[in-house]
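Engineer: I'd like to ask some things about the structure below.
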Amino acid sequence: MTAVAPAPTDPVATVAGREALLRQLEVTIGRKLDGLLHGDHQGALPGPGSEAGEGRPYEPGDDVRRIDWNLTARSGDVHVRDTVAERELETWFVVDGSASLDYGTASCEKRDLAVALVAAFGLLTARPGNRTGAVVFDGSGTRVVPPRAGRATLIELVGRLHDRPRDPGGQPSLAAALRRVHHLGSRGGLVVVVSDLLDPSDWPRELRVLGQRHDVVVARLTDPREEELPPVGVLALVDPETGRLHEVQTSNRRFRERYAEAAAERRARIDERLRSSRASHLELATDGDWLRAVVAYVNTRRRRR
């Protein structure tokens, strides 16, 4: 159930043009995040590349430019350093387009956070040869944006997400969207799931399956009014999935307590399902600094690696 409220400011629509949006994001996050994901995705076999691999004794025919002088000095014998070939990274975004994302009571709606996150991670993984695709799901089904290389692909994807119509309602399935990516993404890569995770389908199992082949990141979107209600008198609430309207008396303390208890139980269930999925995750709130959350996540990820 969500509260009827005036639509908050759209952080994407305030930027003149999608190309301008990406340029603004590049300036904003470039110094903080650029290169933090570089080198996370490497080829399994040795070969030409820029990433240092294992050291070994020099053999006739080896390229003398690859002699590791530090290792040679320590061992007393001439050693060379093999390199690891980088591979082209294929990134898939799984984006929740259900009606529950068309909601926000703070600085933006959850759907706006989804667009900003896709733009940020798209810029992080934008390297020559890398490809970006997406699966967007809502009550009417799933739509696939085939993976392609180039900046124009990211601009088009951000535009599609920003301009998509609001979901009329239905039974969206995150699990079905994840299965679609599993069949489409035949090579290992990065899968970024952007959702509020209110979907009751068996998405933890599908995340575990995807995690066997891909690096999976789940971005969970939230709004503060989903956790508690303020005492503002009679409030009209609407279920975005069904359109049913209810009026409630928020001045009733017991009612607010029951609402908070139910929200806490729902959060605990989602947290448990996230843990069972074994996927890496971060949380973005409509009343928080989404960029700071992304920076903190990527820095933590880099330190762990």
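Our numbering applies: residue 106 is where the sequence shown begins, and numbers increase by one. Where a beta carbon is used, it is the ideal one built from N, C-alpha and C, also for glycine.
What residue ranges within the stretch 349 to 399 form continuous alpha helix (DSSP H) runs of no fewer than 4 residues, ordered along the chain?
Structural biologist: Segments of the alpha helix (DSSP H) lying fully in the stretch 349 to 399: 358 to 382.
Engineer: Express the C-alpha separation of V183 and D167 in angstroms, rounding to a whole number.
Structural biologist: Indexing the sequence shown from 1 puts residue 167 at position 62. Indexing the sequence shown from 1 puts residue 183 at position 78. When rounded, the distance between both Cα atoms is 11 Å.
Engineer: Quick one: Cα of V296 to Cα of Y364, how far?
Structural biologist: Translated into positions along the sequence shown, residue 296 becomes position 191. Translated into positions along the sequence shown, residue 364 becomes position 259. Roughly 34 Å between the two C-alpha positions.
Engineer: Looking at the strands, I want to know which residues DSSP matches up with H184.
Structural biologist: Looking up residue 184 in the sequence shown gives position 79. Per DSSP, P162.
Engineer: Checking the sheet assignment: what are the DSSP bridge partners for L229?
Structural biologist: Position 124 of the sequence shown, counted from the first residue, corresponds to residue 229. In the DSSP output, where bridge partners are listed per residue, L229 has none listed.
Engineer: Do you know whose CA, among S180, A178, A211, L206, lies nearest D394's CA?
Structural biologist: As a working mapping, residue 394 is identified with position 289 in the sequence shown. That would be A211, whose Cα lies nearest to the Cα of D394.
Engineer: So the beta strand (DSSP E) Q254 belongs to, where does it begin and stop?
Structural biologist: Here residue 254 corresponds to residue number 149 of the sequence shown, with the count starting at 1. According to the sequence displayed, residue 254 carries Ala and not Gln. Element bounds for A254: 246 to 254.
Engineer: For my contact list, L302 and R325 are in at a C-beta cut-off of 8 Å; report their separation, rounded to the angstrom.
Structural biologist: Position 197 of the sequence shown, counting from 1, holds the residue named residue 302. Position 220 of the sequence shown, counting from 1, holds the residue named residue 325. Confirmed, Cβ separation roughly 5 Å.
Engineer: Classify D217 as buried or exposed, calling it buried when 16 or more other Cβ atoms lie within 10 Å of its own Cβ.
Structural biologist: Position 112 of the sequence shown holds residue 217. Flag for D217 reads buried.
Engineer: Assess, as a yes-or-no matter, whether the stretch 375 to 391 is touched by the stretch 311 to 319 under the definition of 3 or more beta carbon pairs within less than 8 Å.
Structural biologist: Output reads yes: the stretch 375 to 391 touches the stretch 311 to 319.
Engineer: When the Cα of Q276 is compared with those of T247, G181, R358, which residue comes out closest?
Structural biologist: As a working mapping, residue 276 is identified with position 171 in the sequence shown. The candidate whose alpha carbon is nearest that of Q276 is T247.
Engineer: Please check if any C-beta of chain D sits within less than 7 Å of the C-beta of S385.
Structural biologist: The structure shown contains no chain D; it holds only a single protein chain.
Engineer: Pairs of beta-carbons, one from the stretch 286 to 293 and one from the stretch 256 to 270, closer than 8 Å: are there three or more?
Structural biologist: Because the criterion of three Cβ pairs below 8 Å is not met, the stretch 286 to 293 and the stretch 256 to 270 do not touch.
Engineer: According to the neighbour-count rule (16 or more other Cβ atoms, all chains shown, within 10 Å of its Cβ), is P309 buried or exposed?
Structural biologist: Indexing the sequence shown from 1 puts residue 309 at position 204. Buried is the call here.
Engineer: What is the C-beta distance between V223 and V299, in whole angstroms, given that I count them as a contact (C-beta under 8 Å)?
Structural biologist: Indexing the sequence shown from 1 puts residue 223 at position 118. Indexing the sequence shown from 1 puts residue 299 at position 194. V223 to V299, Cβ: 6 Å. Contact.
Engineer: Give the straight-line distance between the Cα atoms of A221 and F242, rounded to the nearest whole angstrom.
Structural biologist: If you number the sequence shown from 1, residue 221 lands on position 116. If you number the sequence shown from 1, residue 242 lands on position 137. Taking the straight line from one Cα to the other gives about 17 Å.
Engineer: DSSP three-state call for T258: helix, strand or coil?
Structural biologist: Residue numbering aside, residue 258 sits at position 153 when the sequence shown is read from its first letter. Residue state, collapsed to three classes: helix.
Engineer: Put G238 into one of helix, strand or coil per three-state DSSP.
Structural biologist: Taking the first residue of the sequence shown as 1, we reach residue 238 at position 133. Residue state, collapsed to three classes: strand.
Engineer: Would you report the Cα separation of R179 and D173, rounded to the nearest angstrom?
Structural biologist: Taking the sequence shown and counting its residues from 1, one reaches residue 179 at position 74. Taking the sequence shown and counting its residues from 1, one reaches residue 173 at position 68. Each residue's Cα considered, the two are about 10 Å apart.
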